[in-house]
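There are 2 protein chains.
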Amino acid sequence: MKVEIITIGDEILIGQTVDTNSAWMASKLNEIGVRVNRINSISDEAGSIITTLEEAFRRVDLVLMTGGLGPTNDDITKKTLSRHFGMELKMNEEVLADITAFFTSRGKGMLQMNSDQALLPEGAVVLRNYKGTASGMWFERDGKSVVSMPGVPYEMEHLMETGVIPRIIEKYKTTPVFHHTLMTFGEGESFIAERIKEWEASLSGTGVKLAYLPSPGIVKLRLSAFGPDKSLLELSVMRKVAELEVLIPELIYGHNDETMEKVVSNLLKTKGLRIATAESCTGGYIAHLLTSIAGSSAYYEGSFCTYSYRSKSEILGVDEDLILHQGAVSGEVVQAMVKGVFTHFHTDYAIAVSGIAGPDGGTLEKPVGTVWMCVGTKENQVTQCFHFGKDRMRNIRMTALHALNLVRLSILAS
Amino acid sequence: MKVEIITIGDEILIGQTVDTNSAWMASKLNEIGVRVNRINSISDEAGSIITTLEEAFRRVDLVLMTGGLGPTNDDITKKTLSRHFGMELKMNEEVLADITAFFTSRGKGMLQMNSDQALLPEGAVVLRNYKGTASGMWFERDGKSVVSMPGVPYEMEHLMETGVIPRIIEKYKTTPVFHHTLMTFGEGESFIAERIKEWEASLSGTGVKLAYLPSPGIVKLRLSAFGPDKSLLELSVMRKVAELEVLIPELIYGHNDETMEKVVSNLLKTKGLRIATAESCTGGYIAHLLTSIAGSSAYYEGSFCTYSYRSKSEILGVDEDLILHQGAVSGEVVQAMVKGVFTHFHTDYAIAVSGIAGPDGGTLEKPVGTVWMCVGTKENQVTQCFHFGKDRMRNIRMTALHALNLVRLSILAS
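As they're listed, the protein sequences go chains A and B.
With our numbering as the guide, the letters of the first sequence map in order to residues 5 to 418.
With our numbering as the guide, the letters of the second sequence map in order to residues 5 to 418.
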């Protein structure tokens, strides 16, 4: 089963927007054993939309399209496809009620162009959009289908998950596939490859394939098997997963795209532990990760972001002399910051970080990317120094991930 | 002048890699007035590469291709194109010397597959790569050209800048283009469209085109013009920009892809003002945005994230009775939180937010998405209540953007 993706929008063709939708869709399709044959990014022009669609129909039976469904004049996908398939636009009362409720709940008035979004092609299957006002539409002709979705990522994702993926599974015979992903943290892919090379060689003949998916700090190891017998696939993949868990236990922090913050939050919640942070170079990013998880008040108490020397001493009670003699980026200071956290917040765990995120502020002794962190309980803490790179956002993220990982290891060891 | 881009690689089609190369190339091409007609992402298969190339040649004269130039067996682009254009691979001694120097300078040994990268098609123009070992190749046939570049972003960027862009300018007559984007905040695209519809109608005949690019909270309005006279284009676009700035001044917060945090940071820096925050529902996200900008210590002092009732009263000094009687999500509490910020941090501006990010914690009176914020100086504050939606991450982001926008408006009004 192969599909093609068509993303519509001049903003992609002039390089103003990176097309992240295609990768998201491709990876979701991959999970259900559907392969993407080609991704086509084209302009908001009727001729271009129809030509590209008909070309794609010559290669595959199903085309997924995003973009051009907004309420304004430059959004032409709905009109173009409806005309092409000879369908009339008709007011869909249920969708109109959804759109009206959408505006009412936000206390906003509705314009003609908003209610016009409920004008939908008679004959197409409507995929209801509960996160926005543009419905998805599934058109069919002579055994070929095209699905039109809005280009706003979270609306597209919502429609894929609730409407498109279930319908693909129901309608097409997809080759069963089983994936399991091990989430590793702290080592590069080549280092991992070296450690597991004998195990990797043992995959040959088992039908299980391995892919390394690296991103800063994290390498996902995805094990996949395709074949007619779903239960057999799961068995062969999970046997190999179990072997890997024995080989590199300290590198594996989670499974199947779990984020580090999700894993740490679950651990804290399960053990009934609470946490607070004191952040200098991460400027609230660790707090943000911890509170991005629903229900975070169960384990998160609060944070101090102390960027200036003055706030470190006045608020966290770090000795000014210590800052002057050791520098704000030092083991002594992050230890004093952790003490400050325990003085003010009554938590089980504390994190303190201080570093030079860059691009400026580095010295010969402490170059950009130098980060000290102290993590632990009142009684038992780990203090570590790291050297990341020159990129500010990468340094902030790497610091946060390492700090959370230290919390994870500390809870598991206790 | 139109070109097409072909990016080659299975990692794109399974969603493992987001194709950022295309956006980068498109934006560089756009600067020299070259428009991208279509972006095609395809798999590492000879048949697929040739078919897609020949299709593109039917639409445009120049095709830029990335990927498949590495040293390993799965990299087939060089062989495929050379065979297609009937060119023999021949050892290029200068390139071989480059590659040898590349390995020597890194203290690494060289394999046969590395020196084979200096085997290049006789008849193609070689674009020397000083950042890696895969050369770029410019093939020509009957007035059509295809340029093959490596897929590693910084190598591709290097080849584009040193080899491809200068050659395009020299070889083709490019049509100049001028874009200007107005960044708006706080209204949906349909409302903006309604407010500016007469202005939008006045674009007809001016050669200036308008595009709405919406994302949560922010709508970008991109004005573009193409034509032979570059100075005329700029004049006609900027005249329309000026009209729009008069029509919707309070909605426009910036220009040309500036983020809200960048604009607010610049304002604070320019005016020599410092800021601190007290965050409940955003859990450090406002602090994170403010510190994501390089040089943020010039205007950012620090933050309190006070998630629990206890931390709100113990740390920020919010009266416990107030929290009990008004609720933590109330105008009175965010005002008291701002007072707490000014007590501890010695800043010019303070932000305090408290809300129900969801998905749980809502009540009939205060449903999920209810957010109170207080923003301003010691003397002069604005307190407002918002109702966002049900999505946790969207609520956090919308809260942060609104709070930063209130800072912006307050500074501008002072």
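For every residue, glycine included, the Cβ atom is placed at its ideal position computed from N, Cα and C.
Just so it is clear, the structure is predicted and the values come from calculations on it, not from any experiment.
Apart from the five residues on each side of it in sequence, which residues of its chain come closer than 6 Å, Cβ to Cβ, to residue 127 of chain A? Excluding residues within five positions, the ones whose Cβ falls inside 6 Å are 91.
Compile a chain-ordered list of the residues in the region 189–200 of chain B whose CB is closer than 8 Å to at least one CB of chain A. 192, 193, 194, 195, 197, 198
Does the beta-carbon of residue 268 of chain A have 16 or more other beta-carbons within 10 angstroms, so that it is buried, or is it exposed? buried
Going by DSSP, what residues sit across from residue 145 of chain B in a beta bridge? B:148
Residues that residue 17 of chain B contacts on chain A, provided the C-beta gap is smaller than 8 Å: 30, 39, 40, 41, 42, 43
Burial state of residue 62 of chain A (16 or more Cβ within 10 Å): Classification of residue 62 of chain A: exposed, given that the 10 Å Cβ count is below 16.
Can you pull the chain B residues whose beta carbon is under 9 Å from the beta carbon of residue 348 of chain A, in chain order? 315, 318, 319
Please go through the same chain and pick out, in chain order, the residues whose beta-carbon is closer than 6 Å to the beta-carbon of residue 230 of chain A, but skip the five residues on each side of it. 179, 181
Residues of chain B with a CB under 8 Å from the CB of residue 27 of chain A: which are they? 16, 19, 20, 21, 22, 23
Skipping 5 residues on each side, what residues in its chain have a beta carbon closer than 7 Å to that of residue 306 of chain A? Taken in chain order, the residues that qualify are 280, 349.
Limits of the alpha helix (DSSP H) - the one that residue 197 of chain B falls within: 193–199
Taking only beta carbons into account, state which residues of the region 354–369 of chain A come closer than 9 Å to chain B, listed in chain order. 361, 362, 363, 364, 365
Measure the alpha-carbon distance for residue 273 of chain B versus residue 309 of chain A and round it to whole angstroms. 19 Å
Residue 83 of chain B by DSSP, collapsed to three states: which one? helix
Endpoints, beta strand (DSSP E) assigned at residue 69 of chain A: 66–70
Report buried or exposed for residue 406 of chain B, applying the criterion of at least 16 other Cβ atoms within 10 angstroms of its Cβ. buried
Expected contact under 8 Å - CB spacing of residue 73 of chain A and residue 10 of chain A to nearest Å: About 13 Å separates the two Cβ atoms, so there is no contact after all.
Alpha carbons only, please: which of A:148, A:47, A:125, A:6 is nearest the one belonging to residue 46 of chain B? A:6
Is there a Cβ of chain B sitting closer than 8 Å to that of residue 308 of chain A, yes or no? yes
Straight-line gap, residue 104 of chain A to residue 119 of chain A (C-alpha atoms, nearest Å): 8 Å
Would you kindly check if the distance between the Cβ of residue 43 of chain A and the Cβ of residue 26 of chain A is under 8 Å? yes
In this structure, what does DSSP give as the bridge partners for residue 214 of chain A? A:227
Continuous beta strand (DSSP E) assignments of at least 3 residues falling wholly in the region 87–131 of chain A: The qualifying runs are 93–95, 123–125, 129–131.
Just the C-alpha distance for residue 333 of chain A and residue 285 of chain A, rounded to the nearest angstrom, thanks. 9 Å
For residue 75 of chain A and chain B, any beta-carbon pair shorter than 8 Å? yes
Tell me whether residue 322 of chain B sits in a helix, a strand or coil according to DSSP, three-state version. coil
Can you pull out the residues from the region 286–308 of chain A whose beta carbon lies closer than 9 Å to at least one beta carbon of chain B? 286, 287, 288, 289, 290, 291, 292, 293, 294, 295, 296, 297, 298, 299, 300, 301, 304, 305, 306, 307, 308
Give me the Cα-Cα distance between residue 108 of chain A and residue 194 of chain B, rounded to the nearest whole angstrom. 15 Å
Of all the residues that make up the region 198–226 of chain A, which are near chain B by a beta-carbon distance shorter than 8 Å? 215, 217
Mind checking residue 275 of chain B: buried by the 16 CB within 10 Å criterion, or exposed? Its Cβ having fewer than 16 others within 10 Å, residue 275 of chain B is exposed.
Would you call the region 140–151 of chain A in contact with the region 16–26 of chain A, where contact means no fewer than 3 C-beta pairs closer than 8 Å? no
Can you list, in chain order, the residues of its chain with a C-beta nearer than 6 Å to that of residue 153 of chain A? Leave out the 5 residues immediately preceding and following it. 70, 140, 160, 163
Just curious, the alpha helix (DSSP H) that residue 4 of chain B is in, first and last residue? The requested residue 4 of chain B does not occur in the structure, where chain B is confined to residues 5 to 418.
Is there a C-beta anywhere in chain A that falls below 8 Å from the one on residue 34 of chain B? Interface residue, yes.
Check whether the region 354–374 of chain A and the region 249–262 of chain A touch, using three or more Cβ-Cβ pairs below 8 Å as the test. no
Residues in the same chain with beta-carbon distance under 6 Å from residue 129 of chain B, minus the five sequence neighbours each way, listed in chain order, please. Excluding sequence neighbours, residue 129 of chain B sits near 142.
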